[in-house]
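J.: Please read through the structure below; I'll follow up with questions.
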Amino acid sequence: MLYCDKVKKMSIDDLQEQVEKFKTEMDTLEEVCDTLPECKEDDACKTCETYKKIDALNVKIEELEEKIESLLSEDDDDDDDDDD
Numbered sequence: 088m089l090y091c092d093k094v095k096k097m098s099i100d101d102l103q104e105q106v107e108k109f110k111t112e113m114d115t116l117e118e119v120c121d122t123l124p125e126c127k128e129d130d131a132c133k134t135c136e137t138y139k140k141i142d143a144l145n146v147k148i149e150e151l152e153e154k155i156e157s158l159l160s161e162d163d164d165d166d167d168d169d170d171d
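Add 87 to the 1-based position in the sequence shown for our numbering, that's all there is to it.
Put into structure tokens, the structure is as follows:
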């Protein structure tokens, strides 16, 4: 395995680890959100700080997953080039 491949693999692993960390954090916040009295009100999510944190984490997770997908597709392209 080439050094750049090792670095790319490490990067993908790090990104996947970060995604899992964010998902765990988001699950914890969702559990808290379910227990808040204000969450029982209509449209409470619009003003809820916990929900805003959950939404921000969701955006970060999506961005990281797109980055992982991009790196994986680059890796696939590199493998295809090696076959030539």
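Where is the CB? At the ideal position from N, CA and C, for every residue including glycine.
1. Please determine, among L151, S157, L158 and E128, the residue with the shortest C-alpha to C-alpha distance to K110.
2. Counting contacts by CB-CB distance shorter than 8 Å, is K133 in contact with chain C?
3. Between which residues of its own chain and K122 is the CB-CB distance below 8 Å, once the five residues before and five after are set aside?
4. Give the secondary structure of C135 by DSSP, where H, G and I count as helix, E and B as strand, and everything else as coil.
5. Using beta-carbon positions only, say whether M113 and I141 come within less than 8 Å of one another.
6. Kindly indicate which three-state DSSP category E128 falls into: helix, strand or coil?
7. Assuming the contact rule is C-beta atoms closer than 8 Å, C120 and T137 should be a hit. Round their C-beta distance to whole Å, please.
T.: Looking at the atomic coordinates:
1. For the residues L151, S157, L158 and E128, the minimum Cα distance to K110 belongs to L151.
2. No chain C is present in this structure, which holds just one protein chain.
3. Strictly speaking, residue 122 in this sequence is Thr, with Lys absent from that position. Within the same chain, no residue comes within 8 Å of T122 by CB-CB distance, once the 5 residues on both sides are set aside.
4. In the structure shown, C135 sits in coil (DSSP, three-state: anything other than H, G, I, E or B).
5. Taking 8 Å as the Cβ cut-off, M113 and I141 qualify as a contacting pair.
6. Here E128 sits in coil by DSSP.
7. Right, the Cβ-Cβ distance comes to about 5 Å (below 8 Å), so this counts as a contact.
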